[in-house]
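Be aware that the sequence shown starts at 0, since it is given in numbering that gives the first Met the number 0, and climbs by one per residue. Just so it is clear, CB atoms sit at the ideal spot from N, CA and C, and this is done for glycine as well. Read through the structure below, which is laid out as structure tokens, and then see the notes.
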Amino acid sequence: MIDTGKQPNTLLAGVMKQAGATNKGLARRVRLLSEQDGGEPVRCDHVSVKRWLDGTTRQPHPRTCQLIARVLGEMLGRTVTLAEIGYAETAGEDDNDGGDIGLDYPEEVAQTVATLGAITDLELRTPKKAEPLTVVPQAWSDLVVRWLTDSDSDRSRPPAEPRRITFVDVEAVREATAMFSSFDYKYGGGRPKMLVASFLDQEVLPNIPHVSPHDPIGREYFREVAALTRLAGWTAYDTGAHGLAQRYLTQAFRLAKAAGDKPLCGRILAGMSHQANFLGHYQRAVDLARAASKGANGYATPTTMALFSAMEARALASLGREEEATAALLTAERWHGQGNRENDPEWIRYFDRAELHAEFAHCFRDLGNAELANHHAAASIRESESTYVRSLSFVRTVLATSHLQDGNLDEALYVARSVVKTAASLKSLRVVSYLDEFRSRLGAFSNDPLVRDFLDFATLHLPSKGAPVSRTLLVA
């Protein structure tokens with residue numbers, strides 16, 4: 000299959016480098032395996048491999064792709080997926096469909112780089128009709144164990160072909176993350192999601208295999224790439240692509256670990272806790288938040304530590320453990336009061352007083368305390384900056400729910416209607432899921448004309464089909 004606009008297969012090259020495979024050696028092994036498995040012998044040599052690598056042959060025959068993956072898997076002592084070597088399009092023709100990719104904690108950071116390439120490839124090039132990746136809850140627990148027991152030092156080998164990196168490269172990634180984050184806050188994850196993946200694919204992946212996290216500039220570069228990859232996971236989460244989000248966040252964690260940035264590692268674990276809680280895995284959400292706090296304590300700023308305690312409180316509130324949730328909220332408030340915005344990394348500066356009030360509101364809503372939920376939701380709205388449109392939508396929905404819990408139906412519907420108007424233009428399925436959850440609470444009032452009118456209005460304006468309803472999603 001010849002492609003005149005040839006593009007090098009950097010994913011295949013990366014995995015071959017990990018396996019120590021030469022062009023001749025790979026060709027020979029593919030030929031031998033094709034003869035041993037009883038199928039039609041594959042005729043390939045070092046020139047064939049060169050064509051696979053430089054993109055002259057965009058994609059070999061599906062069976063050849065499968066043989067390449069099997070050979071490299073045998074050399075590495077692990078499963079190598081078709082997506083991991085740049086042949087995601089053939090995954091449907093084999094049982095090895097990339098479902099497990101991105102969930103392991105790679106010993107070598109070079110493997111993370113290759114895996115990140117495979118994930119972005121899946122996002123950008125997999126047909127929309129393909130089955131979505133599933134969430135694997137055990138992977139969260141496995142990561143917590145690694146985080147709390149692994150050595151602080153990174154044992155990854157330096158790149159085989161180092162390339163000079165500059166502070167301009169670092170700044171480019173940092174500014175891209177800031178720009179895409181602004182889109183995410185204002186317009187929902189659906190706006191920047193593909194832009195983030197494309198930036199990773201086109202600007203980061205060609206560079207990072209040649210960068211070492213062991214030199215100062217390289218470490219900064221890894222830190223910024225980890226923050227951008229975390230954002231890729233967050234935008235996927237916001238659009239309901241939960242399996243994809245889990246994989247991005249796992250690889251972001253590994254990149255942050257390679258950079259030696261414990262606070263950012265904790266931030267990523269806190270994001271995993273947020274997602275686990277949303278999906279109904281409450282105890283795992285508690286574990287992730289506590290692991291973030293324990294592992295980053297002494298390194299993270301007070302504002303960051305406040306976030307970890309807030310995530311713990313959310314999960315405890317979901318479990319109905321009121322005393323523990325309240326204690327965690329007070330800890331979050333105490334940490335937050337010690338914070339200094341000037342000392343905070345860019346990725347935590349959003350967590351202001353308005354966000355802290357929002358966390359209190361969420362927790363008291365789930366604990367059934369309508370009065371305190373209402374108080375903190377209103378305080379959050381008063382203090383919120385206009386940039387955080389999505390966050391305001393969340394907390395206003397919580398406010399609407401607190402009015403409903405307090406028996407104030409008219410006020411609940413008035414606030415919820417205003418959220419529907421905003422959600423109609425936001426590309427955030429999480430916001431839609433909040434409103435769907437609110438609508439589900441209206442069952443007892445189904446005969447009220449005001450409720451019927453609101454439900455008709457919401458149905459007309461909300462893209463509810465396929466929305467990820469909180470705490471009811473199927474996972475592996």
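Around the Cβ of G242, are there at least 16 other Cβ atoms within 10 angstroms (buried) or fewer (exposed)? The residue you call residue 242 lines up with position 243 of the sequence shown. Answer is buried; the Cβ neighbour count reaches 16.
How far does the alpha helix (DSSP H) with H60 in it extend, from its first residue to its last? The count along the sequence shown starts at 1 and reaches residue 60 at position 61. Note, H60: premise wrong, no alpha helix (DSSP H); not H, not E.
DSSP state of K294 mapped onto helix, strand, coil: In the sequence shown, counting from the first residue as 1, residue 294 sits at position 295. The amino acid at residue 294 is misidentified as Lys; the sequence shows Gly. Correct three-state label for G294: helix.
For the 8 Å Cβ check, are there 3 or more pairs between the region 364-381 and the region 332-346? no
Could you tell me which of S155, P205, F221 sits nearest to E170, measuring between CA atoms? Locating residue 170 in the sequence shown gives position 171, counting from the first residue. Looking at the Cα atoms, F221 is the closest of the given residues.
Smallest Cα separation from L123: which of L147, A82, G19, L366? Numbered from 1 along the sequence shown, position 124 holds the residue referred to as residue 123. The option with the nearest alpha carbon to L123 is A82.
Quick check on this structure: which residue in A68, Y433, R381 has the alpha carbon closest to the alpha carbon of R364? As a working mapping, residue 364 is identified with position 365 in the sequence shown. It is Y433 whose Cα lies nearest to the Cα of R364.
Determine the DSSP secondary structure at N480, reduced to helix, strand or coil. Nothing can be reported for residue 480, as the shown portion of the chain is limited to 0 through 475.
Might you give, ordered along the chain, the residues of its own chain that have their beta carbon closer than 8 Å to the beta carbon of N95, omitting 5 neighbours on each side? Walking along the sequence shown from the start, residue 95 turns up at place 96. In this prediction, N95 scores a pLDDT of 39, lower than 50, which makes its location untrustworthy; no coordinate-derived value is stated.
Every unbroken alpha helix (DSSP H) within the region 206-246, with a cutoff of 4 residues, ordered by chain: 215-237
Please list the terminal residues of the continuous alpha helix (DSSP H) segment that includes F437. Taking the first residue of the sequence shown as 1, we reach residue 437 at position 438. Segment 428-439, the alpha helix (DSSP H) holding F437.
Simplified DSSP assignment, three categories, for R154: Position 155 of the sequence shown, counting from 1, holds the residue named residue 154. Looking at R154 - three-state DSSP - the assignment turns out to be coil, as it is neither helix nor strand.
Which word fits S150, buried or exposed, when buried means at least 16 other C-beta atoms lie within 10 angstroms of its C-beta? Translated into the one-based positions of the sequence shown, residue 150 becomes position 151. When all chains shown are included, S150 counts as exposed.
Just to confirm, is the Cβ distance from T479 to G338 under 8 Å? Here the chain has residues from 0 to 475 only, and residue 479 is not among them.
For D365, three-class secondary structure by DSSP: Numbered from 1 along the sequence shown, position 366 holds the residue referred to as residue 365. Correct three-state label for D365: helix.
What first and last residue would you give for the alpha helix (DSSP H) that runs through H45? Sequence index remark: in the sequence shown, residue 45 carries index 46 (1-based). Segment 45-53, the alpha helix (DSSP H) holding H45.
Local Cβ density within 10 Å of G97, reported as buried at 16 or more and exposed below that: One-based indexing of the sequence shown puts residue 97 at position 98. Confidence at G97 is low in this model, with a pLDDT of 47, below 50, so the placement of that residue is unreliable and no value is reported for it.
Ordered along the chain, which non-local residues of its own chain (more than five positions away) have a Cβ less than 8 Å from that of R42? For the purposes of this step, residue 42 is identified with residue 43 of the sequence shown, where counting begins at 1. Within the same chain, R42 has close Cβ partners R30.
I need the straight-line Cα distance from V172 to N446, nearest angstrom please. Taking the first residue of the sequence shown as position 1, residue 172 is located at position 173. Taking the first residue of the sequence shown as position 1, residue 446 is located at position 447. If I take the Cα positions, the gap works out to 54 Å.
Whole-Å CB distance - Y281 paired with L318, under 8 Å assumed: Position 282 of the sequence shown, counted from the first residue, corresponds to residue 281. Position 319 of the sequence shown, counted from the first residue, corresponds to residue 318. The Cβ separation is near 5 Å, so the contact holds.
Can you tell me whether F350 is helix, strand or coil according to DSSP? Position 351 of the sequence shown, counting from 1, holds the residue named residue 350. Coil.
Starting from Y186, follow the alpha helix (DSSP H) in both directions and report where the run begins and ends. The residue given as residue 186 occupies position 187 in the sequence shown. Element bounds for Y186: 166-186.
Alpha helix (DSSP H) segment containing E122, residue limits: Here residue 122 is taken as the residue at index 123 of the sequence shown, counted from 1. From DSSP, the alpha helix (DSSP H) with E122 extends over 108-124.
Does D286 come out as helix, strand or coil in the three-state DSSP assignment? Position 287 of the sequence shown, counted from the start, is the residue given in the question as residue 286. Three-state DSSP puts D286 in a helix.
Among A443, L428, T421, whose alpha-carbon lies nearest the alpha-carbon of L403? Indexing the sequence shown from 1 puts residue 403 at position 404. L403 has its Cα closest to that of A443, out of A443, L428, T421.
Inter-stretch contact at 8 Å, needing at least 3 Cβ pairs: the region 207-223 / the region 452-462: no
Under a Cβ-count criterion, where at least 16 other Cβ atoms within 10 Å of its own Cβ denotes burial, should R229 be classed as buried or exposed? Working through the sequence shown from its first residue, we reach residue 229 at position 230. That one is buried.
Three-pair Cβ contact test at 8 Å for the region 103-111 versus the region 236-255: yes
Give a yes or no on whether the C-beta atoms belonging to G188 and K426 are separated by under 8 Å. Counting from one through the sequence shown, the residue named residue 188 turns up at place 189. Counting from one through the sequence shown, the residue named residue 426 turns up at place 427. Contact: yes.
Is it the case that the Cβ atoms of I84 and L11 are separated by a distance below 8 Å? The residue given as residue 84 occupies position 85 in the sequence shown. The residue given as residue 11 occupies position 12 in the sequence shown. Their beta carbons are under 8 Å apart, which means I84 touches L11 by this criterion.
Below 8 Å on the Cβ atoms is my guess for R429 versus D237; work out the distance and round it to an integer in Å. For the purposes of this step, residue 429 is taken as the residue at position 430 of the sequence shown. For the purposes of this step, residue 237 is taken as the residue at position 238 of the sequence shown. Right, the Cβ-Cβ distance comes to about 5 Å (below 8 Å), so this counts as a contact.
Do you know offhand how far R218's Cα is from P158's? Here residue 218 is taken as the residue at index 219 of the sequence shown, counted from 1. Here residue 158 is taken as the residue at index 159 of the sequence shown, counted from 1. C-alpha separation (whole angstroms): 13 Å.
CB A255 to CB I267, shorter than 8 Å? The residue you call residue 255 lines up with position 256 of the sequence shown. The residue you call residue 267 lines up with position 268 of the sequence shown. Contact flag set, yes.
Beta-carbon proximity list for A423, same chain, < 7 Å, skipping 5 on both sides: The sequence position of residue 423 within the sequence shown is 424, counting from 1. Counting only Cβ-Cβ distances below 7 Å, and skipping sequence neighbours, we find H460, L461.
Note down, in chain order, each residue of its chain lying with its Cβ closer than 6 Å to the Cβ of A284, except the 5 sequence neighbours on either side. By one-based count along the sequence shown, residue 284 stands at place 285. Around A284: S272, A275, N276, A314.
By the DSSP assignment, the alpha helix (DSSP H) with N276 in it spans what residues? Taking the sequence shown and counting its residues from 1, the one referred to as residue 276 is at position 277. From DSSP, the alpha helix (DSSP H) with N276 extends over 261-277.
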